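Asker: Structure provided below as C-alpha cells; questions to follow.
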Amino acid sequence: MSEKRKKYDREFGEGAVWIVEETGKSIARIAWALGVNEGILGNWVHRARAERDDGWDVSGKMIADSVRRQGLVVRRIKRRNGLTRQDKTASKFPDLLKWNFTADRPNAAADEGYEPACVE
Numbered sequence: 001m002s003e004k005r006k007k008y009d010r011e012f013g014e015g016a017v018w019i020v021e022e023t024g025k026s027i028a029r030i031a032w033a034l035g036v037n038e039g040i041l042g043n044w045v046h047r048a049r050a051e052r053d054d055g056w057d058v059s060g061k062m063i064a065d066s067v068r069r070q071g072l073v074v075r076r077i078k079r080r081n082g083l084t085r086q087d088k089t090a091s092k093f094p095d096l097l098k099w100n101f102t103a104d105r106p107n108a109a110a111d112e113g114y115e116p117a118c119v120e
C-alpha cells in the first residue's frame with residue numbers, strides 16, 4: 001500500500017526555510033520538529049538559497065535612478081543629535097560642603113591646607 005503524499009503550501013515552506021536559516025539549527029532537527037520529511041525541507045532550503053544567489057546586485061545609483069524614473073520620493077531619516085538638552089547654567093555637581101577655592105593672590109593655590117573630615 002502506498003501512503004498519500006502530504007501537500008504543503010508555499011507559506012509553510014518559506015516559514016520552514018526561514019526557521020532553518022535564522023536559528024542555524026540542522027535541517028534534520030527542524031524537519032523533525034515540524035513533522036516534515038528531512039529531504040523535502042532540504043530541497044526547500046536548497047531551492048531558496050539558489051533563488052537568492054540568482055538575484056541581482058544593485059548599487060545605490062541604480063536604485064536612485066529607478067526611483068527618479070518612477071517619480072517617487074525617498075524619505076530621508078533624520079538623525080537625532082540628542083533627546084534632551086542640558087542646562088548650561090546648572091552646576092555639574094552641587095557643592096554640599098560649601099568650599100571656597102578662590103585664590104588670595106595670582107598664581108597661588110587656593111586649597112593650601114588640609115582639613116581632616118573627622119577631628120577627635
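Under the UniProt record's numbering, the very last position in the sequence shown is 120; numbers go up by exactly one each time. Even for Gly, the Cβ is constructed at its ideal location relative to N, Cα and C. Nothing here was measured: the structure is a model prediction, and the numbers come from that model.
How many whole angstroms separate the CB atoms of I30 and A50, which I take to be in contact at a CB cut-off of 8 Å?
Answerer: As a working note, residue 30 is residue 30 in the sequence shown. As a working note, residue 50 is residue 50 in the sequence shown. In fact, because the Cβ distance is near 19 Å, the residues do not count as touching under 8 Å.
Asker: Can you find the residues in the same chain that come closer than 7 Å, C-beta to C-beta, to I27, ignoring five residues on each side of it along the sequence?
Answerer: Taking the first residue of the sequence shown as 1, we reach residue 27 at position 27. Here the set comprises V20, E38, L41, G42, V45.
Asker: Can you check the segment 5-42 for any beta strand (DSSP E) of at least 3 residues that lies completely inside it and give the ranges in chain order?
Answerer: Within the segment 5-42, no complete beta strand (DSSP E) run reaches 3 residues.
Asker: With C-beta atoms as the reference, is V58 less than 8 Å away from V67?
Answerer: Taking the first residue of the sequence shown as position 1, residue 58 is located at position 58. Taking the first residue of the sequence shown as position 1, residue 67 is located at position 67. No; because the gap between Cβ atoms is not below 8 Å, this pair is not in contact.
Asker: In this structure, does DSSP put V67 in helix, strand or coil?
Answerer: Position 67 of the sequence shown, counted from the first residue, corresponds to residue 67. If DSSP states are grouped into helix, strand and coil, V67 belongs with the helices.
Asker: In angstroms, rounded to a whole number, what distance separates the CA positions of W32 and T23?
Answerer: Numbered from 1 along the sequence shown, position 32 holds the residue referred to as residue 32. Numbered from 1 along the sequence shown, position 23 holds the residue referred to as residue 23. If I take the Cα positions, the gap works out to 15 Å.
Asker: Would you mind working out which of G55, T84, K61, Y8 sits nearest G35, comparing C-alpha positions?
Answerer: Here residue 35 refers to the residue found at position 35 when the sequence shown is read from its first residue. Among G55, T84, K61, Y8, the Cα nearest to that of G35 belongs to Y8.
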